[in-house]
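Beneath this line is the structure, given in structure tokens, with notes to follow.
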Amino acid sequence: MKLTAELFMKDGKCMPLSFLPTGKKARVRELTSNGISRRRMLDLGLIWDTEVEALQKSPSGDPVAYLIRGAVIALRSEEASKIMVEAV
Amino acid sequence: MGLTNQSTGSSVLGHILHIERSSSDQKIIALAGNPNVGKSTVFNSLTGMRQHTGNWPGKTVSIAHGSFSHKGADFILVDIPGTYSLMANSAEEEVACDFICFGDPDAVIVVSDATCLERNLNLVMQTLEVTCNVVVCVNLIDEARRKKINIDLEKLSHRLGVPVAGTNARSGKGLDKLMDEVWTVTHEKTSCTPLRIQYHEAVESAVSLLEPALTSVLKNRLNARWVALKLLEGEKNLLESINSYLGYDLPAREEVSDSYQKAREILQHAGISSELFRDIIVSGIVRKAEEICRGVVTFEKPDYNKRDHRIDGILTSRIYGIPIMIVLLGVIFWITITGANYPSSLLADGLFWVEDQLTALFVSIEAPAWLHGLLVTGMYRTLAWVVSVMLPPMAIFFPLFTLLEDLGYLPRVAFNLDNFFKKACAHGKQALTMCMGFGCNAAGVVGCRIIDSPRERLIAIITNNFVPCNGRFPTLIAIITMFFAGMLAGPAQTIISTLILTGVIVLGVVMTLLISRILSKTVLKGLPSSFTLELPPYRKPQVGRIIVRSLLDRTLFVLGRAVAVAAPAGLIIWGMANIHVGGLSLLSHCAGFLDPFARLIGMDGYILMAFILGFPANEIVIPLIIMSYMATGSMMEFDSLSQLRELLVTNGWTWLTAMCVMLFSLMHWPCSTTCLTIKKETQSWKWTLISFLVPTVTGILVCFIVASFARLLGLA
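Taken in order, these protein sequences are the chains called A and B.
14 is the number that numbering that gives the first Met the number 0 gives to position 15 of the first sequence; each next residue is one higher, with no gaps.
256 is the number that numbering that gives the first Met the number 0 gives to position 257 of the second sequence; each next residue is one higher, with no gaps.
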């Protein structure tokens with residue numbers, strides 16, 4: 000998984016938010032979820048170009064707490080993997 | 000614990016709550032806001048004790064309303080559920096949206112968090128699209144100042160086009176100004192020009208085509224631009240609400256249908272699907288919020304929340320997260336056990352002194368022996384046991400637990416435990432409802448409303464009983480101190496008690512997870528649904544309010560219920576012990592009947608009967624056991640807790656009996672209040688029965704296995 004994250008970052012391409020290492024920031028490029036899950040993400044303010052910082056992993060590594068528009072939100076990997084981001 | 004109050008002045012109008020005005024001058028104010036912004040504090044400070052709580056008609060969402068007056072005018076304040084948006088993604092949002100849009104409030108107060116204003120503006124602006132009678136309450140303004148966040152309220156008001164009041168509801172600061180603004184909005188014909196968000200070109204041209212047609216049809220009953228946006232978005236539930244509010248099918252109206260078709264064509268031509276339409280709207284609002292905050296909110300210290308993040312770094316870290324959680328739980332138990340010992344024996348001494356006086360009184364007036372037995376030995380003594388055994392642990396445990404709640408630690412517990420719940424195919428928020436169960440399982444069951452998915456909600460409801468509520472905590476503590484720790488002396492005693500109690504709770508959590516997983520794989524098959532969990536900033540707890548709230552709301556409520564149940568139960572036990580049939584008392588007959596089965600699961604007939612009679616309230620189980628032993632045994636005088644152990648041992652208790660009683664206390668049927676609550680929440684006898692059976696069968700199995708193994712290995 001780590002290797003993939005580095006690959007993504009080197010190429011400057013989009014990667015799923017779930018790959019973002021803690022302490023790093025990224026910008027939202029695309030939401031690949033649909034329906035209710037997509038609406039939830041939008042309600043959090045996760046629109047194009049929103050900055051997201053991976054703050055803290057939970058003891059078991061999933062979910063991860065993200066700093067989104069001043070609020071700390073925990074997302075399970077299922078949700079985070081459907082948010083495509085570009086590292087900054 | 001507002002489970003008992005029913006809403007009064009409200010009636011069902013379609014599926015929208017209709018609030019009765021007591022006079023035509025009375026104004027109805029909706030109180031909206033994101034979760035965790037102190038909305039309920041604002042509500043309580045404005046309405047005081049003049050409140051009613053009830054359920055939203057047809058939905059499991061509770062709603063409170065209260066009244067207040069200001070400048071000689073009367074207002075009804077309706078506390079609608081805390082939500083992030085009005086887009087009806089959950090039952091709460093639907094209710095909030097319905098009331099703001101169709102409940103005809105005279106004004107809406109949107110409470111927002113000063114420390115996180117930009118995000119809160121989302122709801123403010125969605126509300127502004129519906130109505131311009133809005134007052135924005137920027138709460139937690141003191142906390143923002145502490146974090147060096149400055150907010151230019153005047154500029155904000157200017158940009159939003161509606162009045163803004165900065166408040167600190169906890170201290171009451173700014174509430175006068177807030178009420179002034181509400182009064183002005185509802186009593187003066189001011190022309191406000193609320194902010195209007197410009198969306199994507201195609202959206203705007205479609206809306207401008209539809210809006211004039213709607214204006215002429217709607218005649219100010221609803222905001223035409225908002226209705227145009229919602230019609231084009233095409234969300235089915237909302238369209239139905241609009242139609243039922245108006246009483247006709249709006250898009251089908253002659254005056255509307257033509258321009259509606261054209262507007263749709265414009266969108267189609269631009270390639271805007273309904274999903275994309277929603278994206279455009281949400282992005283538009285979020286961008287606008289960003290724009291508004293630029294220059295209004297300034298951060299003197301950009302890393303203002305570093306401290307919180309650092310605390311989270313420790314409290315939820317890979318290595319320390321879970322151990323800290325268990326240690327914290329242990330510390331709370333340790334304080335409870337240590338602190339409860341002394342007042343418990345003091346209370347027992349006092350109450351039994353009163354019993355002696357009562358006896359003396361009965362003797363002096365030469366009352367018949369049966370009357371003394373019934374009232375003093377039966378009723379009063381059971382009451383005395385309930386109070387002395389139950390009150391001290393509750394009075395200590397509740398405030399401590401509420402303190403953790405107030406600090407904001409519970410969401411961190413959910414964060415730490417989420418992966419276990421995910422593996423159990425359950426909802427992440429079940430960790431929160433489980434924590435609520437520590438207070439009261441009935442409250443925990445009601446709390447399960449925060450889980451949207453019906454499958455996961457049922458799992459959370461069925462397994463809630465696996466964490467001991469306040470009624471069962473004292474039972475556990477009493478047995479542990481009497482039986483396991485009693486053998487040791489000095490400080491080791493409380494430490495061992497704490498460890499055992501913590502172990503029992505951890506076992507309860509493990510059983511919750513295990514049973515959730517089994518349910519997910521059998522009767523409630525499915526995958527965990529998506530969820531987001533907010534970790535709100537840590538807040539300085541209000542110690543005074545915590546003590547008052549937990550003592551009044553929780554301790555006295557629970558104690559009152561226990562006392563109400565204990566008195567008749569004491570009567571029954573005494574009666575059963577003293578009515579003889581065929582040479583044996585009724586009590587012995589019943590206990591004898593239950594005995595063979597009870598022995599199988601490591602207990603005896605009297606204990607099992609106490610559990611059965613304890614169905615209305617778990618608090619009385621231990622007092623009932625004591626009463627039945629005392630009623631049948633030769634030893635009649637007990638005046639201290641330390642002598643209880645002897646009583647139990649002479650009645651055949653071993654460590655195994657104590658262990659099985661604890662396990663069965665942890666895992667047996669929910670109390671009657673919880674069962675009724677489950678029925679109310681699930682609307683089904685079937686699921687109530689399952690919620691009754693699952694913990695009961697689990698408890699019987701576990702006790703049977705433990706007892707059999709211990710006997711097989713010759714340990715007991």
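The beta-carbon is built from N, C-alpha and C at its ideal position, and this holds for glycine as well.
About 16 Å separates the beta carbons of B:Gly407 and B:Arg548, which is beyond the 8 Å limit, so they are not a contact pair. DSSP, read as helix, strand or coil, puts B:Thr531 in strand. By the CB criterion at 7 Å, B:Ala565 and B:Thr381 fall inside the cutoff. Under a criterion of Cβ atoms nearer than 7 Å, the residues of chain A adjacent to B:Val281 are, in order, Leu41 and Ile46.
Looking at the DSSP output, B:Phe614 sits in no beta bridge, so it has no partner there.
Within chain B, the C-beta atoms nearer than 9 Å to that of A:Lys56 come from Thr315, Ser316 and Arg317, in chain order. Taking all protein chains shown into account, B:Gln682 has fewer than 16 neighbouring C-beta atoms within 10 Å of its C-beta and is therefore exposed.
By alpha-carbon distance to B:Cys191, the top candidate from B:Val133, B:Ser23 and B:Ile62 is B:Val133. Contacts between B:Gly320 and chain A, judged by CB atoms closer than 8 Å, involve Ser57 and Pro58 in chain order. The C-beta distance from B:Asn415 to B:Gly320 rounds to 5 Å, short enough to fall under 8 Å. Nearest to B:Asn440 by alpha-carbon distance, out of B:Ala491, B:Lys422, B:Ile265 and B:Phe465, is B:Phe465. Runs of the beta strand (DSSP E) lying entirely within the stretch 336-419 of chain B and spanning at least 3 residues: none are present. Note that the C-beta distance between B:Ile606 and B:Ile624 is below 7 Å.
Nearest CB-CB separation between A:Ser17 and chain B: not below the 7 Å threshold.
Contact check for B:Lys38 against B:Val109 fails: the beta carbons are separated by 7 Å or more. Runs of alpha helix (DSSP H) with 4 or more residues, each lying fully within the stretch 209-258 of chain B, are found at 223-232 and 235-245, listed in chain order.
Between B:Cys115 and chain A, the shortest Cβ-Cβ separation is below 7 Å.
For the 7 Å CB-CB criterion, B:Met666 and B:Pro622 do not form a contact. Burial check for B:His426: the Cβ neighbour count within 10 Å reaches 16 or more, so the residue is buried. Inter-residue distance for B:Ala212 and B:Lys422 is about 53 Å (C-alpha atoms, whole angstroms). Interface criterion not met: the Cβ of B:Val94 is under 7 Å from no Cβ in chain A. Interface with chain A (7 Å Cβ-Cβ cutoff): B:Phe276 is excluded. When secondary structure is reduced to three states using DSSP, B:Asp603 falls in the coil class, being assigned neither helix nor strand.
No Cβ-Cβ contact shorter than 7 Å links B:Pro453 with B:Asp307. For B:Arg144, none of the residues of chain A pass the 7 Å Cβ criterion, the least Cβ distance being about 16 Å. Nearest in C-alpha terms to B:Leu373, of all of B:Leu238, B:Ala95 and B:Ile572, is B:Ile572. By the Cβ neighbour-count rule, B:Phe472 is buried, with 16 or more other Cβ atoms within 10 Å of its own. Taking a C-beta cut-off of 9 Å against chain A, none of the residues of the stretch 64-77 of chain B qualify. A straight-line Cα-Cα distance of about 28 Å links A:Leu16 and B:Val296. For B:Asn121, the enclosing alpha helix (DSSP H) covers residues Leu116 to Val129. Counting only runs of 4 or more residues that sit fully inside the stretch 435-492 of chain B, the alpha helix (DSSP H) segments are 440-446, 453-462 and 472-478, in chain order. Annotated as proximal: B:Arg118 and A:Ala70, with beta-carbon spacing under 7 Å. Nearest in C-alpha terms to B:Ala63, of all of B:Phe74, B:Ile79 and B:Gly71, is B:Ile79. Bounds of the alpha helix (DSSP H) holding B:Ser690 are Trp684 to Leu711. Secondary-structure assignment with DSSP links B:Asp112 through a beta bridge to B:Asn138. Spanning the alpha carbons of B:Asn167 and B:Ser316 requires a straight line of approximately 33 Å.
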